[in-house]
Amino acid sequence: MRDEQRKFRRRLLAWYACHRRDLPWRASLDPYRVWISEIMLQQTRVAAVIEHYREFLRRFPTVEKLAAAREASVLAAWSGLGYYRRARMMHAAARVIVREHGGKFPASEEGLRELPGVGRYTAAAIASIAFGEPVAVVDGNVERVLQRLAGKRLAGEDLWTAANHLLDAKRSGDFNQAMMELGAVVCTPRAPGCLTCPVLELCAMRGEFPTQTKAARQKKREIHYALDCRNGDCRNGEVFLVRRARDASLMPGMWELPEVRADGLSHAEKQVPPARFASRRNDNENGRANGTSTSPSFTLRHSITETDYAVRVWRGPALSRDFGNWIAVKRLGKVALTGLARKILRKAAML
Ligand code: SF4
Numbered sequence: 013m014r015d016e017q018r019k020f021r022r023r024l025l026a027w028y029a030c031h032r033r034d035l036p037w038r039a040s041l042d043p044y045r046v047w048i049s050e051i052m053l054q055q056t057r058v059a060a061v062i063e064h065y066r067e068f069l070r071r072f073p074t075v076e077k078l079a080a081a082r083e084a085s086v087l088a089a090w091s092g093l094g095y096y097r098r099a100r101m102m103h104a105a106a107r108v109i110v111r112e113h114g115g116k117f118p119a120s121e122e123g124l125r126e127l128p129g130v131g132r133y134t135a136a137a138i139a140s141i142a143f144g145e146p147v148a149v150v151d152g153n154v155e156r157v158l159q160r161l162a163g164k165r166l167a168g169e170d171l172w173t174a175a176n177h178l179l180d181a182k183r184s185g186d187f188n189q190a191m192m193e194l195g196a197v198v199c200t201p202r203a204p205g206c207l208t209c210p211v212l213e214l215c216a217m218r219g220e221f222p223t224q225t226k227a228a229r230q231k232k233r234e235i236h237y238a239l240d241c242r243n244g245d246c247r248n249g250e251v252f253l254v255r256r257a258r259d260a261s262l263m264p265g266m267w268e269l270p271e272v273r274a275d276g277l278s279h280a281e282k283q284v285p286p287a288r289f290a291s292r293r294n295d296n297e298n299g300r301a302n303g304t305s306t307s308p309s310f311t312l313r314h315s316i317t318e319t320d321y322a323v324r325v326w327r328g329p330a331l332s333r334d335f336g337n338w339i340a341v342k343r344l345g346k347v348a349l350t351g352l353a354r355k356i357l358r359k360a361a362m363l
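Under the working numbering, read the sequence shown as residues 13 to 363, first letter to last.
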């Protein structure tokens with residue numbers, strides 16, 4: 013068994029040295045950078061994180077800068093990544109690090125777990141990658157690899173035990189990243205590339221592990237928003253946005269376009285000349301506007317965990333301007349927008 017463990021570590025690490033993706037957070041072992049990347053990568057695809065990671069570090073290059081920032085600025089930099097609680101907890105943790113640790117990260121898994129928003133996985137990832145502590149990580153990718161290697165379902169503490177058993181204690185950071193990389197690019201959920209796998213010989217499954225649960229079907233919904241630009245100037249003027257309540261359960265305090273509810277839409281269509289919604293369509297947009305009075309200016313898809321939204325955007329006045337503000341288009345990059353608002357404004361070429 014010891015020989016097999018050694019062989020496994022050697023092969024995995026050799027494969028990782030040659031084949032690992034060149035990702036920006038791999039250029040540094042600075043715990044601040046490792047931490048930012050680990051929090052961003054939770055529930056978010058690598059491709060979506062890369063640009064956000066660079067931009068976030070440009071705005072907040074040190075934990076001190078992050079701690080000193082206003083929450084609205086942190087949320088604005090986070091905009092587009094979703095799950096905003098992560099950004100709020102990160103901001104709170106930065107303040108704890110500066111206030112209670114003199115700006116230095118705790119150098120152990122145990123110490124890191126005391127920080128807001130840092131759970132077992134994140135603490136182990138930072139401790140091993142930045143400080144070389146011999147602790148294994150278990151995320152979704154590692155879990156899948158471990159189950160296939162063992163040829164049986166593992167859960168809870170058994171997964172952590174199996175991961176720690178395989179871990180190369182002298183190179184824990186590289187080993188953990190190699191396990192996650194193997195799961196992300198070779199031992200993938202649906203079609204594992206067993207023929208190119210560096211540990212094929214040591215794997216019990218060598219193929220797809222049967223899944224027991226079918227992915228839940230997404231619900232389909234349609235939502236409507238007004239893209240209300242002052243004097244119709246959506247390039248250089250101002251756009252009317254509303255702010256979510258501070259105690260809203262989702263994305264509190266973030267800015268978005270005013271929603272036009274299904275019942276409100278017909279009310280609006282009765283009251284507002286249809287041309288006000290549709291005729292100022294921007295020729296550069298490749299939305300689905302057909303120039304008729306009852307078509308939205310453009311449509312886009314927005315998919316979140318359980319729901320697949322068809323988002324219809326109407327150029328024209330919001331139904332009410334009682335709650336909200338006019339925001340200069342050139343300032344939009346600094347505003348804490350919801351992910352969907354950002355998507356809409358990008359499609360309208362305003363961001
Ligand atoms: S041999 Fe196949 S199933 Fe086993 S770890 Fe490698 S990719 Fe995964």
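For every residue, glycine included, the Cβ atom is placed at its ideal position computed from N, Cα and C.
Computed from a prediction, not measured in an experiment: that's the story for all the values here.
Distance CB(residue i)-CB(residue j) smaller than 8 Å
i: Ala2; j: Ala106; result: Past the boundaries of the shown model lies residue 2; the chain is included only from 13 to 363, so the question cannot be answered.
i: Val75; j: Tyr44; result: yes
i: Gln230; j: Thr319; result: yes
i: Glu193; j: Arg32; result: yes
i: Leu179; j: Leu158; result: no
i: Leu363; j: Leu344; result: yes
i: Ala89; j: Glu63; result: no
i: Ala322; j: Glu234; result: yes
i: Gly123; j: Met101; result: no
i: Arg327; j: Ser309; result: yes
i: Ser91; j: Arg354; result: yes
i: Tyr237; j: Val325; result: yes
i: Ile141; j: Val61; result: no
i: Ile48; j: Tyr28; result: no
Given residue i as reference, the closest of the options once Cα atoms are compared
i: Pro360; options: Gly345, Met263, Cys246 and Arg18; result: Before going further, note that residue 360 is Ala rather than Pro in the sequence given. Looking at the Cα atoms, Cys246 is the closest of the given residues.
i: Thr134; options: Leu161, Cys215, Glu50 and Asp320; result: Glu50
i: Val254; options: Arg23, Val197 and Glu268; result: Glu268
i: Gln54; options: Gly131, Ala162, Arg354 and Leu124; result: Gly131
i: Pro201; options: Gly152, Ala89 and Trp338; result: Gly152
i: Ile339; options: Leu239, Arg324, Ser307 and Val325; result: Leu239
i: Arg98; options: Ile316, Leu262, Glu271 and Val272; result: Leu262
i: Glu16; options: Ala162, Ala119 and Pro270; result: Ala162
i: Ile356; options: Pro329, His314 and Arg71; result: His314
i: Asp334; options: Arg165, Leu312, Val197 and Pro270; result: Pro270
i: Leu35; options: Ala59, Glu250 and Asp42; result: Ala59
i: Leu69; options: Ile316, Trp37, Ala137 and Gly168; result: Trp37
i: Arg165; options: Met217, Thr311, Pro73 and Arg57; result: Met217
i: Thr311; options: Glu250, Arg358 and Ala181; result: Arg358
i: Ala137; options: Glu112, Met191, Lys19 and Gly114; result: Met191
i: Glu250; options: Phe117, Ile316 and Pro329; result: Pro329
i: Gly115; options: Pro73, Glu145, Cys199 and Arg82; result: Pro73
i: Arg57; options: Lys232, Val197, Lys19 and Glu145; result: Val197
Beta-carbon separation (whole angstroms), residue i vs residue j, contact threshold 8 Å
i: Ala104; j: Glu121; result: Their Cβ separation, rounded to whole angstroms, is 20 Å, which puts Ala104 and Glu121 out of contact at 8 Å.
i: Ser184; j: Val150; result: Wrong, their Cβ atoms sit about 13 Å apart, outside the cutoff.
i: Arg256; j: Gly265; result: 6 Å
i: Asn248; j: Val341; result: 6 Å
i: Ala23; j: Pro210; result: What sits at residue 23 in the sequence shown is Arg, not Ala. Right, the Cβ-Cβ distance comes to about 5 Å (below 8 Å), so this counts as a contact.
i: Phe252; j: Gly336; result: 6 Å
i: Arg156; j: Gly205; result: So it is not a contact: roughly 13 Å between Cβ atoms.
i: Met52; j: Leu93; result: 6 Å
i: Leu87; j: Val108; result: The pair is not a contact, with the Cβ atoms about 19 Å apart (cut-off 8 Å).
i: Phe143; j: Ala175; result: That belief does not hold up - the Cβ atoms of Phe143 and Ala175 are roughly 18 Å apart, past 8 Å.
i: Cys215; j: Arg160; result: 6 Å
Where residue i sits in the DSSP three-state scheme
i: Leu93; result: coil
i: Asn248; result: coil
i: Lys342; result: helix
i: Ala233; result: Residue identity check: residue 233 is Arg in the sequence provided, not Ala. Three-state DSSP puts Arg233 in a strand.
i: Ala238; result: strand
i: Arg32; result: coil
i: Val323; result: strand
i: Val75; result: helix
i: Thr311; result: strand
i: Glu1; result: For residue 1 there is no data in the structure shown, the boundaries of the chain being 13 and 363.
i: Val254; result: strand
i: Leu349; result: strand
Next on the checklist: Extract the residue ranges of the alpha helix (DSSP H) inside the region 145-217, only unbroken runs of 4 or more that lie entirely within it.
Outcome noted: Counting only runs of 4+ residues, the alpha helix (DSSP H) found wholly inside the region 145-217 occupies 152-162, 169-178 and 184-197, in chain order.
Checklist entry - Of all the alpha helix (DSSP H) runs that stay within the bounds of the region 101-141, which reach a length of 4 or more residues? => result Assignment of alpha helix (DSSP H) within the region 101-141, counting only whole runs of 4 or more residues, yields 121-124 in chain order.
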